[in-house]
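Structure, as structure tokens:
There are 2 protein chains.
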Amino acid sequence: MTPRAGIVVTGTEVLTGRVTDRNGPWLAERLKELGVDVAYTTIVGDRPGDMEAAFRFMAKEGLDLILTSGGLGPTADDLTAEVVGRFQARPMVLDEALEGRIAEILSPLTKRWPNLDMDAIRESNRKQAVVPQGAIVLEPIGTAPGLVVPPSEPESKPTVVVLPGPPRELQPMWSEAVETDALKAAIKDATEYRQTMLRLYGIPESEIAETLRAAEREGLELNRLEITTCLKRGEVEVVTRYEPAEQEVYDAFEAVVRERHSNTLFSDDGSTVDQQVAALLRGSSVDQTQTIATAESCTGGLLAARLTELPGSSDYVRGAAIVYSNEAKITQAGVKAETIEQHGAVSAEVAEALAAGARAKLGADVGVGVTGIAGPGGGTEEKPVGLVWLSVATADGEPLTRSVNLPGSRADIRDRATTVAMHLIRRALLHS
Amino acid sequence: MTPRAGIVVTGTEVLTGRVTDRNGPWLAERLKELGVDVAYTTIVGDRPGDMEAAFRFMAKEGLDLILTSGGLGPTADDLTAEVVGRFQARPMVLDEALEGRIAEILSPLTKRWPNLDMDAIRESNRKQAVVPQGAIVLEPIGTAPGLVVPPSEPESKPTVVVLPGPPRELQPMWSEAVETDALKAAIKDATEYRQTMLRLYGIPESEIAETLRAAEREGLELNRLEITTCLKRGEVEVVTRYEPAEQEVYDAFEAVVRERHSNTLFSDDGSTVDQQVAALLRGSSVDQTQTIATAESCTGGLLAARLTELPGSSDYVRGAAIVYSNEAKITQAGVKAETIEQHGAVSAEVAEALAAGARAKLGADVGVGVTGIAGPGGGTEEKPVGLVWLSVATADGEPLTRSVNLPGSRADIRDRATTVAMHLIRRALLHS
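Protein sequences appear in the order of chains A and B. So the first sequence is numbered by numbering that gives the first Met the number 0: it starts at 0 and just counts up by one. So the second sequence is numbered by numbering that gives the first Met the number 0: it starts at 0 and just counts up by one.
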């Protein structure tokens with residue numbers, strides 16, 4: 000039977016909505032990849048009684064595995080390790096070797112802040128090295144160790160994996176946890192699943208719903224696949240999970256999607272548009288690399304930030320001119336004052352001038368111009384909030400220019416405009 | 000006694016992490032405002048057994064109130080109303096008046112798409128009008144009605160409030176739910192709470208832990224306050240929640256924090272450093288406004304994007320030069336080639352030249368320069384990944400320049416560098 004897991008996210012700041020939990024969703028995806036069903040994700044505050052009740056509930060529901068995130072810090076309200084120890088009926092013991100390793104991790108800190116209270120540090124250091132007896136220690140990435148805590152009686156369940164709250168500590172530590180015998184034993188009955196992702200851009204989600212219905216009308220047994228579709232940052236993601244025996248059903252389904260959506264399907268291998276644009280800019284060899292630069296108004300640097308998100312992007316990103324004021328558009332991106340006067344700052348003409356200006360001023364092969372009204376103020380009947388003009392200029396031929404009317408808040412409009420720009424760059428590079 | 004509530008968010012797409020839940024955090028904030036403690040937020044998939052188990056758990060823990068979101072749609076996997084009816088031991092009955100009102104909501108839809116299958120529509124319409132007997136119906140905003148379902152035996156608990164998944168339907172419907180006698184009865188013992196937030200920058204979280212211990216040593220009864228500390232984007236947030244009767248204890252606690260952390264406490268009114276920088280740039284009147292521009296290397300536009308996040312930022316943000324390549328640093332930000340040659344692109348000298356260049360090239364009052372190694376490649380022993388130099392130049396006097404060694408991934412380093420920059424800008428503006 001497919002093993003079932005629960006996730007317990009701790010922290011009053013998460014429970015009260017002040018901090019958005021990123022660990023629950025991330026761990027849920029990882030568990031799915033391993034063929035483990037997630038039954039519950041429960042968020043609890045820093046009250047040990049509530050945390051323990053959540054564990055008891057999950058154990059009573061017969062879950063094989065419980066993952067916790069958070070509550071491993073040095074302060075007194077960080078209680079997860081202790082509560083898990085009690086729940087698994089394992090006494091807490093000081094791991095002296097671990098205490099030494101944490102002290103080593105902390106030593107650069109004490110150099111940076113020479114006035115720190117060393118007694119306080121040593122005390123919290125010791126707290127973090129007190130672990131349930133028999134637990135497998137996962138080496139600290141920050142200062143907090145993680146734990147894999149098996150049930151105290153063999154053949155019983157659940158096994159509890161204790162992970163720190165910061166995602167950059169939790170994520171590598173989870174990879175370590177997966178390699179432990181204790182975790183492998185807890186999920187030994189997991190089924191192998193295959194998972195694929197198709198990404199489409201430029202169609203409403205309802206079109207995919209109609210494609211699913213059409214596939215079923217054609218006789219495909221889609222109930223043998225687990226298909227989820229979701230709209231994410233302006234793209235439609237179709238994720239399919241299936242047992243290896245259903246490969247043929249999946250292949251037939253993918254063929255239907257390909258046939259009906261050949262113009263909008265842009266990724267079938269998990270690659271993002273960001274990765275595709277990076278690969279297109281790099282070309283097939285170093286001397287084929289094309290450089291890129293942006294001139295942005297309403298996105299205010301978000302497009303440049305997105306282009307430089309990938310490691311090694313300095314190989315092809317020259318830079319950007321963020322030109323919020325009209326003066327900056329003129330001096331930094333070479334837009335003519337008349338163009339702004341005649342057509343307005345948000346226009347096809349200014350977007351094209353920005354793209355050309357980005358190429359010329361920054362000496363890049365590809366130039367991108369973005370100008371729009373992110374709101375909440377500044378909209379008119381003719382040019383409402385959400386109107387964005389974008390243009391991509393390459394060495395050869397006409398620029399690729401288009402406008403969109405984006406819905407949502409200021410943040411939504413700015414973010415969505417970067418997605419539109421990435422797809423426009425992709426199209427320009429494919430056709431240049 | 001303070002009433003306690005649980006939130007049950009339903010939906011496989013939320014449980015698997017494909018869609019981020021926005022309702023749990025929103026409802027948690029609203030409950031807090033009403034003086035209701037949230038004990039748990041639990042996410043469950045579309046399996047009725049799992050949903051019912053979550054309700055039973057919350058009832059067993061003695062919660063007064065359960066809120067659910069999602070699972071009220073017209074399709075077969077939308078089961079929340081039925082599961083809640085069974086849980087509250089109330090038979091499901093067709094509310095004919097409600098059925099009529101839903102039909103009216105749907106009629107424009109049927110006019111717009113005349114080919115819709117009317118039988119299918121009528122069937123799902125009827126499904127949404129079948130409600131637990133004795134439940135209070137909350138009028139639909141979309142097509143799904145909400146419900147307040149009291150326990151079937153008087154004086155028992157919990158009361159369950161059933162709300163739809165889309166935030167734009169859930170949020171107004173919650174306001175309606177709050178006005179019902181059934182909900183008022185369920186939380187009649189709610190206490191008023193006060194809540195404050197202190198934000199500090201430039202100290203490790205362990206220092207705050209030590210301050211809490213020190214306050215207790217001085218005799219403060221901190222257990223009469225609910226204090227949570229958390230590290231967020233490089234800042235420490237101390238949130239305190241307390242009953243009005245404990246105001247004196249809180250005042251004494253805040254005084255201790257002020258005394259021990261006068262240099263690092265930068266906000267006591269909930270304001271963010273972004274808002275403070277915006278207010279400082281705006282000044283006390285229009286002719287006092289100072290404009291700002293950045294020249295960024297490793298942050299690649301993230302600082303400009305952050306400065307332009309707030310509505311109205313075009314009043315003071317001139318723009319930015321994103322100068323990834325050395326050539327761009329020279330042509331776009333006026334850095335001298337010799338400066339880069341002599342000191343390297345990541346140096347105090349280049350950061351200062353960038354700050355001065357941003358001011359000069361973009362005609363701004365305040366210039367900010369950022370240059371660093373975001374990694375994962377490009378680090379050396381002398382200049383490791385995570386080293387970032389920042390400088391802020393104003394009209395008067397010396398630039399404010401500093402370096403930091405930031406931990407974490409490329410994304411962490413880039414994000415954290417923007418926080419360091421915001422605080423450096425704040426300091427420069429306060430002292431100029």
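Positions of the beta carbon are idealized from the N, C-alpha and C atoms, including for glycine. Computed from a predicted model, the values in this text were never measured in an experiment.
Do residue i and residue j have their C-beta atoms closer together than 8 Å?
i: P131 of chain B; j: G84 of chain B; result: yes
i: T330 of chain A; j: V316 of chain A; result: no
i: L64 of chain B; j: A4 of chain B; result: yes
i: T239 of chain A; j: L219 of chain A; result: no
i: R21 of chain B; j: P166 of chain B; result: yes
i: L309 of chain A; j: V367 of chain A; result: no
i: V160 of chain A; j: L182 of chain A; result: yes
i: C297 of chain B; j: I372 of chain B; result: yes
i: V37 of chain B; j: T9 of chain A; result: no
i: A255 of chain A; j: T210 of chain A; result: Correcting the residue type first, residue 255 of chain A is Val in the shown sequence and not Ala. The answer is yes: Cβ separation under 8 Å.
i: L280 of chain B; j: R425 of chain B; result: no
i: L137 of chain A; j: E175 of chain A; result: yes
i: A189 of chain B; j: T1 of chain B; result: yes
i: A394 of chain A; j: D364 of chain A; result: yes
i: G374 of chain A; j: V384 of chain A; result: yes
i: R89 of chain B; j: V148 of chain B; result: yes
i: P144 of chain A; j: R193 of chain A; result: no
i: D76 of chain A; j: D45 of chain A; result: yes
Quick test of your reading: residue i and residue j, contact by CB under 8 Å. State the CB separation rounded to the nearest angstrom.
i: I42 of chain A; j: V82 of chain A; result: The Cβ separation is near 15 Å, so there is no contact.
i: V11 of chain B; j: P24 of chain A; result: Note that residue 11 of chain B corresponds to Thr in the displayed sequence, not to Val. In fact, because the Cβ distance is near 12 Å, the residues do not count as touching under 8 Å.
i: T370 of chain B; j: A392 of chain B; result: Incorrect: roughly 14 Å between the Cβ atoms, too far for contact.
i: L33 of chain B; j: I186 of chain B; result: 6 Å
i: A332 of chain B; j: A357 of chain B; result: 6 Å
i: F252 of chain A; j: Y200 of chain A; result: Actually they are not in contact, since the Cβ atoms of F252 of chain A and Y200 of chain A sit about 20 Å apart, beyond 8 Å.
i: A420 of chain A; j: L389 of chain A; result: 5 Å
i: A320 of chain A; j: G318 of chain B; result: 7 Å
i: E236 of chain B; j: R198 of chain B; result: 6 Å
i: Y323 of chain A; j: S313 of chain B; result: 5 Å
Mind pulling the chain A residues with CB within less than 8 Å of residue i?
i: Q443 of chain B; result: This structure leaves residue 443 of chain B out entirely; chain B is present only between 0 and 431.
i: A27 of chain B; result: L14, T15, G16
i: E178 of chain B; result: By Cβ distance, chain A contributes nothing, its closest Cβ being about 22 Å from E178 of chain B, past 8 Å.
i: E340 of chain B; result: Under the 8 Å cutoff, chain A gives no residues; its nearest Cβ is about 18 Å from E340 of chain B.
Which residues does DSSP list as the beta-bridge partners of residue i?
i: P131 of chain A; result: A:M91
i: R193 of chain B; result: B:Y241
i: T67 of chain B; result: B:V7, B:V161
i: K231 of chain A; result: A:E234
i: V37 of chain B; result: B:A4
i: A320 of chain B; result: A:A320, B:A294
i: R198 of chain A; result: A:E236, A:S266
i: T370 of chain A; result: A:W388
i: I207 of chain B; result: For I207 of chain B, which the question treats as bridged, DSSP gives no partner whatsoever.
i: L146 of chain A; result: A:V136, A:V161
i: E225 of chain A; result: A:R240
i: V365 of chain B; result: B:I291
i: I186 of chain A; result: Note: I186 of chain A sits in no beta bridge, so no partner.
i: V43 of chain A; result: A:T9, B:Y39
Taking residue i as the query, report the chain A residues whose CB atoms sit under 7 Å from its CB, ordered along the chain.
i: F56 of chain B; result: F56
i: G231 of chain B; result: One point to set straight first is that residue 231 of chain B is Lys, not Gly, in the sequence displayed. Residues of chain A passing the Cβ test: V18.
i: Y323 of chain B; result: T307, S313, V316, R317, G318
Which bits of chain B does residue i rub up against, with CB to CB less than 9 Å?
i: E242 of chain A; result: Per Cβ cutoff of 9 Å: no residues; E242 of chain A is ~17 Å from chain B at best.
i: E326 of chain A; result: R317, G318, L361, G362
I want to verify the contact list: residues of chain B whose CB lies under 7 Å from the CB of residue i, in sequence order.
i: L301 of chain A; result: G300, A304
i: E60 of chain A; result: A52
i: Y200 of chain A; result: Neighbours of Y200 of chain A on chain B: none; closest Cβ ~17 Å, over 7 Å.
i: R409 of chain A; result: P310
Run down chain B in chain order and give the residues with a C-beta less than 8 Å from the C-beta of residue i.
i: P375 of chain A; result: P310
i: I120 of chain A; result: S205
i: T40 of chain A; result: L14, T41, I42
Run down chain A in chain order and give the residues with a C-beta less than 9 Å from the C-beta of residue i.
i: K31 of chain B; result: T15, G16
i: G238 of chain B; result: Before going on, a small fix: residue 238 of chain B reads as Val here, not Gly. Near V238 of chain B (Cβ distances below 9 Å), the residues of chain A are T11, E12, T15, R17.
Complete runs of the beta strand (DSSP E) confined to the region 237 to 303 of chain A [at least 3 residues]: Residue ranges of uninterrupted beta strand (DSSP E) with 3 or more members, entirely inside the region 237 to 303 of chain A and ordered along the chain, are 264 to 266, 291 to 295.
Jot down the residue ranges of each uninterrupted beta strand (DSSP E) in the region 392 to 422 of chain B, minimum 3 residues, whole runs only, in chain order. 399 to 404
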